[in-house]
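Undergrad: Pasting a structure here, questions to come.
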Amino acid sequence: MANTTTLTGLIPDLYEAMDIVARELTGMIPSVTLNASSARAAVSQAIRSYVAPAAAAETASPDRLPPDTGAQTIGTNSLVITASRVVPFQWTGEEELQVGAAHGRRSIQRDQVAQAIRTLVNEIEANLWKTAKEGASRCVGTIGNEVFKYVLGLGLGDAALVRRVLVDNGCPMTDLSLVIGSYEGLNLRQQATLPALGGDPGAMQLRDQGILIPLSGMAVRESYAVGAPVVGTTSATVNTAAYAVGATEFTLSAAACALVKGDIISFAGDTANKYTITGGTLANAGTLQIGAPGLRTAISGSASPAITIITAANRNIALHRSAIQLALRAPAVPEEGDSADDRTVLTDPRTGISLEFAMYKQYRRVRYEVGAAFGSAVMKSDFIAQLYGKTG
Numbered sequence: 156m157a158n159t160t161t162l163t164g165l166i167p168d169l170y171e172a173m174d175i176v177a178r179e180l181t182g183m184i185p186s187v188t189l190n191a192s193s194a195r196a197a198v199s200q201a202i203r204s205y206v207a208p209a210a211a212a213e214t215a216s217p218d219r220l221p222p223d224t225g226a227q228t229i230g231t232n233s234l235v236i237t238a239s240r241v242v243p244f245q246w247t248g249e250e251e252l253q254v255g256a257a258h259g260r261r262s263i264q265r266d267q268v269a270q271a272i273r274t275l276v277n278e279i280e281a282n283l284w285k286t287a288k289e290g291a292s293r294c295v296g297t298i299g300n301e302v303f304k305y306v307l308g309l310g311l312g313d314a315a316l317v318r319r320v321l322v323d324n325g326c327p328m329t330d331l332s333l334v335i336g337s338y339e340g341l342n343l344r345q346q347a348t349l350p351a352l353g354g355d356p357g358a359m360q361l362r363d364q365g366i367l368i369p370l371s372g373m374a375v376r377e378s379y380a381v382g383a384p385v386v387g388t389t390s391a392t393v394n395t396a397a398y399a400v401g402a403t404e405f406t407l408s409a410a411a412c413a414l415v416k417g418d419i420i421s422f423a424g425d426t427a428n429k430y431t432i433t434g435g436t437l438a439n440a441g442t443l444q445i446g447a448p449g450l451r452t453a454i455s456g457s458a459s460p461a462i463t464i465i466t467a468a469n470r471n472i473a474l475h476r477s478a479i480q481l482a483l484r485a486p487a488v489p490e491e492g493d494s495a496d497d498r499t500v501l502t503d504p505r506t507g508i509s510l511e512f513a514m515y516k517q518y519r520r521v522r523y524e525v526g527a528a529f530g531s532a533v534m535k536s537d538f539i540a541q542l543y544g545k546t547g
């Protein structure tokens, strides 16, 4: 008689495992647009969306016919599946007999699933934070200052400071999040005014995964991924070309350059504004790109301003939900199928993340896999700002 064992009996345990892991500090995931389904996708598969360009105004002048103006080029953004990841664990017949159902074999398996989910969710969370810090517009903060640190009655103004960047960029003021690290969360929790500002923080965490408090119109969430990345170095300057307000690409001098994507920089003569490097060749005499809406202060043609890099600092992220999209799919399998004896896709009700559970029966052994294919991309750098401070 054929063995008809399937994963159906494990589903209640799998949901319980997801319920445990969903309470991890994963504030980036609920702050972005989730493009999730149970459909499968290949690594490097692109999902495209359109981008309407900025519009120009003109003077309305009476004439026999309307002017032939208004043509626009609609841009596109690509969201690519960059990773297909699985977390496996296995059981042999001997191991099952040694543990036995009476000694918690199912409990051990449940915890193994929970750890697998934790691994994947953390990878997705880290991927989103990296995408955000490398695709932000401008940045605010002070090196060495502790974000949300209570000093002489001050301490909550940091949220208003980073919100102003989004306001100046024309970002919608609804559906905003401020994703902070646990170090900044510690300072925020020590504020005596915290309960008065947002009600019961514990109740809010139950209502919406990871929200600490609404602050300056933003849902403040914590993420384990927030930290201080390694920064680049450079002795290069911008070349002597003139750059107007709104410029996003610059040519570098031939001096030594080891900038990296995601560095926070300022230009001599415009030190009040800090920009995020979002791309470019970043090599000697190469190019440097900053996030939209670009330069705030024009650079004259003879300036050749020096570039200053902000040293390592925790990168907290303020963003609108539409600024980043996360694509999430089940890992690809051949059209004919593979050797899996059973598989099922469960959607985590807390994060909307779809994860695949597969079972492979082998010789006197069973292999289980938890898997997901994912990728993220910035749709609007204008709607992302960084708040940096002391490394915790």
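Residue 156 is where the sequence shown starts when you use the working numbering, and the numbers rise one by one after that.
Just so you know, even glycine gets a beta-carbon here, dropped at the ideal spot from N, CA and C.
1. Please check the pair Met328 and Ala473, which I expect to be a contact at CB under 8 Å, by giving their CB distance rounded to whole angstroms.
2. Which of the three DSSP states, helix, strand or coil, is assigned to Gly312?
3. On the three-state DSSP scale, how would you describe Glu491?
4. Report buried or exposed for Thr286, applying the criterion of at least 16 other Cβ atoms within 10 angstroms of its Cβ.
5. Which same chain residues end up closer than 6 Å to Ala391 when comparing Cβ atoms and leaving out the 5 residues on each side of it in sequence?
6. If you draw a straight line from the alpha carbon of Val242 to that of Thr433, how long is it in whole angstroms?
7. For Ser536, count the other beta carbons within 10 Å of its own beta carbon; 16 or more makes it buried, fewer makes it exposed. Which is it?
8. What separation, rounded to the nearest whole angstrom, lies between the Cα atoms of Val334 and Asn324?
9. Short of 8 Å in beta carbon distance, which residues of its chain neighbour Gly255, apart from the five on each side in sequence? Order them along the chain.
10. Could you check what DSSP says for Lys288 in three-state terms: helix, strand or coil?
11. How do the segment 465–472 and the segment 279–299 stand: do at least 3 beta-carbon pairs fall below 8 Å, yes or no?
12. With H, G and I counted as helix, E and B as strand and the rest as coil, what does DSSP make of Leu474?
13. What span of residues does the beta strand (DSSP E) with Glu524 cover, start to end?
14. Under the rule that 16 or more other beta-carbon atoms within 10 Å means buried, what is Gly259, buried or exposed?
15. Does the distance from the CB of Arg520 to the CB of Trp246 come in under 8 Å?
16. Once the 5 residues before and after Gly530 are set aside, which same chain residues still bring their CB inside 7 Å of it?
17. Which whole-angstrom value is the C-beta distance of Ala467 and Ile539, which I expect to be below 8 Å?
18. Identify whether Tyr338 lies in helix, strand or coil by the three-state DSSP scheme.
19. State buried or exposed for Ala215, treating a residue as buried only when at least 16 other CB atoms are found within 10 Å of its CB.
20. Report buried or exposed for Ile166, applying the criterion of at least 16 other Cβ atoms within 10 angstroms of its Cβ.
21. Skipping 5 residues on each side, what residues in its chain have a beta carbon closer than 7 Å to that of Ile445?
22. Between the C-alpha atoms of Gln253 and Ser262, what's the straight-line distance to the nearest angstrom?
23. Would you kindly check if the distance between the Cβ of Tyr515 and the Cβ of Asp496 is under 8 Å?
24. For the beta strand (DSSP E) that contains Leu162, what are its first and last residues?
25. Is the separation between the beta-carbon of Asn190 and that of Gly544 shorter than 8 Å?
26. Nearest-angstrom Cα distance between Gly456 and Gly441?
27. Where do the ends of the alpha helix (DSSP H) carrying Leu252 lie?
28. Please list, in chain order, all residues of the same chain as Ala380 whose beta carbon is under 6 Å from its beta carbon, the five residues on each side excluded.
29. Return yes when the Cβ of Gly382 is within less than 8 Å of the Cβ of Gly336, no when it is not.
30. Whole angstroms is fine: what's the gap from Ile462's alpha carbon to Val415's?
31. For the putative contact between Gln541 and Ala291, defined by C-beta atoms under 8 Å, what is the C-beta separation to the nearest angstrom?
32. Whole angstroms is fine: what's the gap from Arg318's alpha carbon to Ser371's?
33. Taking the alpha carbon of Asn277 as the reference point, which residue from Gly225, Glu377 and Ala201 has its own alpha carbon closest?
34. At 3 residues or longer, and completely inside the segment 392–480: list those beta strand (DSSP E) runs for me, N to C.
35. Please name the residue in Tyr398, Ser199 and Gly417 whose C-alpha comes closest to that of Glu289.
36. In this structure, does DSSP put Ala271 in helix, strand or coil?
TA: Let me lay it out:
1. Wrong, their Cβ atoms sit about 12 Å apart, outside the cutoff.
2. helix
3. coil
4. buried
5. Leu407, Ser408, Ala410 and Cys412
6. 31 Å
7. buried
8. 19 Å
9. none
10. helix
11. yes
12. strand
13. Arg520 to Val533
14. exposed
15. yes
16. Leu234, Val235, Ile236, Thr237, Ala238 and Ala482
17. Incorrect: roughly 20 Å between the Cβ atoms, too far for contact.
18. helix
19. exposed
20. exposed
21. Thr403, Tyr430, Thr431, Ile432 and Thr433
22. 14 Å
23. yes
24. From DSSP, Leu162 is part of no beta strand (DSSP E); its letter is neither H nor E.
25. no
26. 18 Å
27. Gly248 to Val254
28. Glu280, Ala281 and Trp284
29. yes
30. 13 Å
31. 5 Å
32. 7 Å
33. Glu377
34. 404–406, 419–422, 425–434, 442–445, 462–464 and 469–475
35. Gly417
36. helix
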